[in-house]
Each structure stands twice: as C-alpha cells, then as structure tokens.
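Peer 1: Structure provided below as structure tokens; questions to follow.
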Amino acid sequence: MDSKKKRISIPQKNKVRAELQKEIGSVCPFCTNSDVGHFQIHHIDEDPSNNDSINLLLICPNCHSRITKKDISKQEVIDKKTNLRNINSQIQFISVSIDEENCGWREIKDAKNAFMAEKLQSLFPVFIFSFINNSSKTLLLTNIRVKARNLPIGLSGPHTPLPSILRSSIKYKIKLPSNGELQEIKLKDELEVPPKRAFKFKIELFAESMEIFNPQFGRFAIFFEFGFNNNFYLEIPMILLNSPKYYEKLKYIGLA
Ligand SMILES: [Zn+2]
Numbered sequence: 000m001d002s003k004k005k006r007i008s009i010p011q012k013n014k015v016r017a018e019l020q021k022e023i024g025s026v027c028p029f030c031t032n033s034d035v036g037h038f039q040i041h042h043i044d045e046d047p048s049n050n051d052s053i054n055l056l057l058i059c060p061n062c063h064s065r066i067t068k069k070d071i072s073k074q075e076v077i078d079k080k081t082n083l084r085n086i087n088s089q090i091q092f093i094s095v096s097i098d099e100e101n102c103g104w105r106e107i108k109d110a111k112n113a114f115m116a117e118k119l120q121s122l123f124p125v126f127i128f129s130f131i132n133n134s135s136k137t138l139l140l141t142n143i144r145v146k147a148r149n150l151p152i153g154l155s156g157p158h159t160p161l162p163s164i165l166r167s168s169i170k171y172k173i174k175l176p177s178n179g180e181l182q183e184i185k186l187k188d189e190l191e192v193p194p195k196r197a198f199k200f201k202i203e204l205f206a207e208s209m210e211i212f213n214p215q216f217g218r219f220a221i222f223f224e225f226g227f228n229n230n231f232y233l234e235i236p237m238i239l240l241n242s243p244k245y246y247e248k249l250k251y252i253g254l255a
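Quick note on numbering: the sequence shown equals residues 0 to 255 in numbering that gives the first Met the number 0.
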C-alpha cells in the first residue's frame, strides 16, 4: 500500500454500504459467508482515500485478509467487481421461496433461504425464483448450473414428523447433483424475459429417491447459477435444505 495515501472515511457510509451489499446479493463474492453484519469494505486499488463506489467491494473479514495476504490476487478482485457490475446492470435476483402448495416443504424461520421437508410423499423441493430484467433488451434464460454439498447430519437440527400429500406441476425439473459435482443444464425450453420486467419460474429438484431429502438423512447446501443468452451467469445466494445453517464437514488431520 502507498504509505502517502491517507485513509479518508467514506461519506454517507451507511448508504454506500447498503448499495455494496445489494451488489453482492448479501453474500461474500469469494466464499459462502452471508454474515453481512460483519463484512468489511475493501478498497480495490488499495488506496484508502479513493472512496469511489467503483473502487469498493463488500467482503467478509476472512476473504479481506486473504486479499491482504495475496491469496486472492488484485486481478481476481478487479474481475469480480467488473462481473458484478455487468450482471447487476442487466439482471437482478429478487428472491427464492419454496412452493409450499406444490411440495411438502416449508421455510425455516429466522434462517436465510433455508427450507425443511415436512411431508414424506412429496419431498422433491420446488423452488420459486424471482428476478428482474433491468436491461433494455429481451433476455433468455438459457442455462442452469447447480451444485450441491452434503451437509453433516447428526448435529442438532430441526426434526419433523412426515405426513402425506402428493403434488405436481413445475417448469424445470433438475436432478440433484452428487456431492461437490457441478451440473450444467442447457434448457430446451428457454425462458424469454422482456426488458424491464420481473419474472418468476419454478425448479423442482429431484433425486433417485425421495428419502434423500428426508431431514433425518439429507441436509444440503444448494448453489444455483442462472445463465442468460448463453453468455453470462448470475450466482444467487446459497439455499439450505433441512438445515438452518451451513456446516462444513469436520476434517481430521492425522498426526505424523
Ligand atoms: Zn468471504
């Protein structure tokens, strides 16, 4: 860092922070952390007097120190910011909810984008995604990428009885990928989105067996990316299934 540059506090800091939070969709752009209350504002050019919003990126403290240590390069940071600005000027993620009427899932209260299976006969979750096309052109939803992480079970977590009801009817059916695998689906029936319009679609996530989603055995973190015009991808915040929190599996380190 140039030692001559003086740190100048950011004018209208709360407003700037709120905008930066919106830009990243309330998730650290380098990891899965969504504890935004503790996020820090990084000066991309490492000049703490340059408070132009183009030079600022909201990130988690862990990734902030990875940048300081050069584990994340300055170029990676610049690319991330450019990408966020490009995408946000075209398409904006609004929300993901669960289609409670058409599947046996409900929202977990006080947890973000977290859902819980309740009814054994209809355990394939059906998500409802909402976006806005901010551009002046029609966009096509052309691809969907999905990745799942199996979360450890056996930790204390919600436990629900599973009564019955069967449901149907969704737009896209996507198979739950195996742990850590990135699955990309090229949509045959592309979704056309007129400019300046909000839009919604549903995705049913299915698996070989519904038992996979039984809260006693299956907890997942699901990562969706939506591709538009076969050109750019929008990552949305992590979705949690049968868990109010993201848990990393414990790693064992052998003693030599
Ligand atoms: Zn991070």
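Backbone N, C-alpha and C fix where the C-beta goes; we use that ideal spot for every residue, glycine too. Note that the structure is a prediction, hence the values are computed from the model and not measured.
Assign residue 242 to one of two classes, buried (16 or more other C-beta atoms within 10 Å of its C-beta) or exposed (fewer than that).
Peer 2: The residue in question, residue 242, is buried, as its Cβ has 16 or more Cβ neighbours within 10 Å.
Peer 1: So, residue 217 versus residue 149, is the Cβ gap smaller than 9 Å?
Peer 2: A contact, by the Cβ cut-off of 9 Å.
Peer 1: On the three-state DSSP scale, how would you describe residue 76?
Peer 2: helix
Peer 1: Compute the beta-carbon to beta-carbon distance between residue 18 and residue 52, rounded to the nearest angstrom, for a pair I have assumed lies under 8 Å.
Peer 2: The pair is a contact, with the Cβ atoms about 7 Å apart (cut-off 8 Å).
Peer 1: Using a Cβ-Cβ cutoff of less than 7 Å, which residues in the same chain neighbour residue 25 once the five nearest sequence positions on both sides are dropped?
Peer 2: 33, 35 and 236
Peer 1: Can we count residue 222 as close to ligand 1, meaning its CB is less than 8 Å from some heavy atom?
Peer 2: Taken from the Cβ of residue 222, every heavy atom of ligand 1 lies 8 Å or farther away.
Peer 1: Give the secondary structure of residue 192 by DSSP, where H, G and I count as helix, E and B as strand, and everything else as coil.
Peer 2: strand
Peer 1: Under 8 Å: does the beta carbon of residue 61 sit that close to some heavy atom of ligand 1?
Peer 2: yes
Peer 1: Label residue 62 either buried or exposed according to how many other C-beta atoms from any shown protein chain fall within 10 Å of its C-beta, with 16 as the threshold for buried.
Peer 2: buried
Peer 1: According to the Cβ coordinates, are residue 173 and residue 203 closer than 9 Å?
Peer 2: yes
Peer 1: Could you name the residues of the same chain whose beta carbon sits closer than 8 Å to that of residue 7, not counting the 5 residues immediately before and after it, in chain order?
Peer 2: 47, 48 and 50
Peer 1: Run through DSSP, which three-state label would residue 147 get?
Peer 2: strand
Peer 1: Using the C-alpha atoms, what's the distance from residue 37 back to residue 27?
Peer 2: 11 Å
Peer 1: If contacts are defined as beta-carbon pairs under 8 Å, then residue 142 and residue 226 qualify, I think. What distance do you get, rounded to the angstrom?
Peer 2: 3 Å
Peer 1: Less than 8 Å between the CB atoms is what I'm expecting for residue 171 and residue 31, so what's the real figure, rounded?
Peer 2: Not confirmed; about 24 Å, so no contact.
Peer 1: If we ignore side chains and look at the alpha-carbon of each, how far apart do residue 116 and residue 145 end up?
Peer 2: 20 Å
Peer 1: In or out: residue 89 buried (at least 16 other Cβ within 10 Å) or exposed?
Peer 2: Counting the other CB atoms within 10 Å of its CB gives residue 89 a total of 16 or more, which places it among the buried residues.
Peer 1: Quick one: what's residue 108 bridged to in DSSP?
Peer 2: Partner(s): none; residue 108 has no beta bridge.
Peer 1: Which first and last residues belong to the alpha helix (DSSP H) in which residue 15 is found?
Peer 2: 12 to 22
Peer 1: Would DSSP call residue 158 helix, strand or coil?
Peer 2: The predicted model places residue 158 with a pLDDT of 41, which falls under 50 and marks its position as unreliable; any figure quoted below should be read in that light. Residue 158: coil per DSSP, three-state reduction.
Peer 1: Taking residue 223 as the reference, give the member of 131, 182 and 75 with the closest Cα.
Peer 2: Nearest option by C-alpha distance: 182.
Peer 1: Which of the three DSSP states, helix, strand or coil, is assigned to residue 36?
Peer 2: helix
Peer 1: Which of the three DSSP states, helix, strand or coil, is assigned to residue 99?
Peer 2: It is coil, neither helix nor strand.
Peer 1: Return helix, strand or coil for residue 141, following the three-state DSSP convention.
Peer 2: strand
Peer 1: Between which residues of its own chain and residue 197 is the CB-CB distance below 6 Å, once the five residues before and five after are set aside?
Peer 2: 131
Peer 1: Rounding to the nearest angstrom, what Cα-Cα distance links residue 59 and residue 39 in this structure?
Peer 2: 6 Å
Peer 1: What is the DSSP secondary structure of residue 257, reduced to helix, strand or coil?
Peer 2: Because the chain is modelled from 0 through 255, residue 257 falls outside the range shown and cannot be assessed.
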